[in-house]
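The next block holds one structure in the form of structure tokens; read it before the comments.
Residue numbers (my numbering): 508 to 833.
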């Protein structure tokens with residue numbers, strides 16, 4: 508028996524079952540859901556090329572925002588490795604001793620914007636310079652250590668750029684401070700760039716989700732148009748709009764679910780492709796660059812969201828088409 512004949516038979520039997528008890532009506536409802544899910548899946552399999560093309564278009568469209576999200580997250584990690592949360596260096600005036608450095612460190616450390624304050628001695632600074640290529644020979648010619656004490660200020664996580672800017676202004680005005688070296692401007696630019704990137708990913712995801720919804724809607728529209736005679740027969744035997752729509756709604760769910768799985772697989776493939784060069788980049792920064800992939804919850808959520816988009820597209824188009832047919 509063909510699917511068209513089977514759907515007409517199920518519609519013709521529905522009124523008889525609806526006259527029975529509530530349990531019978533619920534069982535009939537469950538049976539038709541099972542039949543609709545299986546029938547729509549078999550219909551997709553009966554035309555593999557068209558179904559695969561639709562799924563591929565939707566899957567690649569949904570994979571693009573995932574790829575941009577992955578790129579943006581790793582740019583943020585790169586910014587942190589390059590100094591997004593870099594400590595603020597406070598150079599004391601020459602002649603300031605250890606006691607003055609410790610006292611100033613305690614005074615500045617009471618600020619709520621800071622998580623920690625450390626003191627770097629002139630000898631520690633000299634040792635760091637000695638490890639740099641080209642400095643060891645020049646340092647041996649010095650009679651005295653000309654380097655001052657340096658305070659390293661570590662900002663607290665979540666501190667705003669305005670608060671850090673005010674901190675730098677206040678520290679510069681303290682007695683005994685010669686120079687304050689801060690990357691606040693660079694941090695603000697990076698934060699602004701990441702903010703724009705987040706908004707771009709959101710807009711892109713919204714547009715591509717709309718594109719996926721339209722693709723499913725157009726596919727369902729063509730399917731309904733090709734089965735107009737069958738739908739007319741179903742209406743004649745008393746089938747409700749929900750009954751007729753149900754197979755097309757499941758078709759939209761299948762399209763969305765499979766395209767979401769494809770999008771997640773493409774995102775994982777992109778991660779795997781970039782693993783080797785990213786590992787080399789991390790090694791170049793002495794392991795400070797921690798590159799992450801897409802979280803598991805996002806990869807699991809993509810097929811579910813795509814299935815919901817497929818259902819919505821099929822629901823809107825099928826309701827419109829059946830309203831025209833009625």
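Here a beta-carbon is modelled for each residue, glycine too, at the ideal position from N, C-alpha and C.
Since the structure is predicted, the reported quantities are computational estimates derived from the model, not experimental observations.
(request) Can you tell me which of 731, 703, 733 and 720 puts its alpha carbon nearest to the alpha carbon of residue 852? (result) A query on residue 852 cannot be resolved here, the shown segment of the chain reaching from 508 to 833 and no further.
(request) May I ask you to list the residues that DSSP assigns as paired with residue 627? (result) BP columns for residue 627 point to 657.
(request) Return the chain-ordered ranges of every alpha helix (DSSP H) run that is complete within the segment 700-727 and spans a minimum of 4 residues. (result) Within the segment 700-727, no complete alpha helix (DSSP H) run reaches 4 residues.
(message) Cutting at 7 Å between CB atoms, please list the residues of its own chain near residue 810, excluding the five before and the five after it.
(response) Excluding sequence positions up to five before and after residue 810, its CB lies within less than 7 Å of the CB of 764, 767, 768 and 771, all in the same chain and listed in chain order.
(request) Please determine, among 787, 578, 741 and 819, the residue with the shortest C-alpha to C-alpha distance to residue 759. (result) A check of alpha carbon separations from residue 759 across 787, 578, 741 and 819 identifies 819 as the nearest.
(message) By the DSSP assignment, the beta strand (DSSP E) with residue 599 in it spans what residues?
(response) Note, residue 599: beta strand (DSSP E), 595-599.
(message) Just verifying my parser: in three-state terms, what is the DSSP assignment at residue 675?
(response) In this structure, DSSP gives residue 675 a helical state, which the three-state scheme calls helix.
(request) Thinking residue 705 and residue 579 are a contact (beta carbons under 8 Å), I'd like their distance in whole angstroms, please. (result) Confirmed, about 7 Å.
(request) Within the same chain, show all residues whose beta-carbon is closer than 6 Å to that of residue 805, passing over the 5 residues directly before and after it, in chain order. (result) Same-chain partners within the cutoff: there are none.
(request) Could you please give the first and the last residue of the uninterrupted alpha helix (DSSP H) stretch that includes residue 611? (result) 605-616 is the extent of the alpha helix (DSSP H) around residue 611.
(request) Check whether the Cβ atoms of residue 657 and residue 632 lie closer than 9 Å to each other. (result) In terms of Cβ geometry, residue 657 and residue 632 form a close pair [threshold 9 Å].
(request) Use the C-beta contact count for residue 714: other C-beta atoms within 10 angstroms, 16 or more gives buried, fewer gives exposed. (result) Under this definition residue 714 is an exposed residue.
(request) Along the alpha helix (DSSP H) that carries residue 449, what are the first and last residues, could you check? (result) With the chain represented from 508 up to 833, any question about residue 449 goes unanswered, as that position is not in the structure.
(request) For residue 730, count neighbouring Cβ atoms within 10 angstroms of its own Cβ and tell me buried if that reaches 16, exposed if not. (result) Classification for residue 730: buried.
(message) Does residue 566 pass the burial test, meaning 16 or more other C-beta atoms within 10 Å, or should it be called exposed?
(response) Residue 566 is buried by the Cβ-count criterion.
(message) With a threshold of 7 Å on Cβ separation, who are the neighbours of residue 597 within its own chain once the five nearest residues in sequence on each side are excluded?
(response) Answer for residue 597: 657, 658, 660, 678, 684 and 687, listed in chain order.
(message) In the DSSP assignment, the beta strand (DSSP E) including residue 685 goes from what residue to what residue?
(response) 684-688 is the span of the beta strand (DSSP E), which, as asked, contains residue 685.
(message) Within a Cβ cutoff of 7 Å, which residues of the same chain sit near residue 583, ignoring the five residues on either side of it in sequence?
(response) Correct list, in chain order: 701.
(request) Using three-state DSSP, classify residue 591 as helix, strand or coil. (result) At residue 591, the pLDDT of 47 sits below 50, so the modelled position is not reliable and the matter cannot be decided from this model.
(message) On a Cα-Cα basis, can you pick out the residue from 673, 544, 682 and 594 that is closest to residue 601?
(response) Per the Cα distances, 682.
(message) Which of the three DSSP states is assigned to residue 749 in this structure?
(response) The answer is helix: DSSP assigns residue 749 an H, G or I state.
(request) Tell me whether residue 619 is buried or exposed, calling it buried when 16 or more other Cβ atoms sit within 10 Å of its Cβ. (result) Classified as exposed, residue 619 has fewer than 16 neighbouring CB atoms from the shown chains inside 10 Å of its CB.
(request) Verify whether the separation of the beta carbon atoms of residue 611 and residue 663 is less than 9 Å. (result) No.
(message) One question on the structure: do residue 721 and residue 821 come within less than 9 Å of each other, judged by their Cβ atoms?
(response) Cβ atoms of residue 721 and residue 821: not closer than 9 Å.
(message) As a quick exercise: from 560, 564, 574 and 535, pick the residue whose alpha carbon is nearest that of residue 775.
(response) Comparing Cα-Cα distances from residue 775 to each of 560, 564, 574 and 535, the minimum goes to 574.
(request) Quickly, what does DSSP pair residue 621 with across the bridge? List them, please. (result) 662, per the DSSP bridge assignment.
(request) Would you grab the beta carbon distance between residue 655 and residue 609 for me? Rounded to a whole angstrom, and I think it's under 8 Å. (result) Contact flag wrong, Cβ pair sits at about 14 Å.
(request) May I have the straight-line CA-CA distance separating residue 814 from residue 672, to the nearest angstrom? (result) Put simply, the backbone Cα of residue 814 is about 47 Å away from that of residue 672.
(request) Could you give the DSSP three-state label for residue 780: helix, strand or coil? (result) Residue state, collapsed to three classes: helix.
(message) Quick check on the burial criterion: 16 or more other C-beta atoms within 10 angstroms. Buried or exposed for residue 560?
(response) Of the other Cβ atoms in all chains shown, fewer than 16 fall within 10 Å of the Cβ of residue 560; this residue is therefore exposed.
(request) Pull up the distance between the alpha-carbon of residue 777 and that of residue 572, whole angstroms please. (result) When rounded, the distance between both Cα atoms is 12 Å.
(request) Apply the 10 Å Cβ neighbour rule to residue 917 and answer buried if 16 or more other Cβ atoms are within range, or exposed otherwise. (result) This structure gives no information on residue 917, because the portion of the chain shown stretches from 508 to 833.
(request) To the nearest angstrom, report how far apart residue 762 and residue 786 are at their CA atoms. (result) If you take the alpha carbons of residue 762 and residue 786, they lie about 36 Å apart.
(request) State the Cα-Cα distance for the pair residue 741 and residue 752, rounded to the nearest angstrom. (result) Using only the alpha carbons, I get a separation of about 11 Å.
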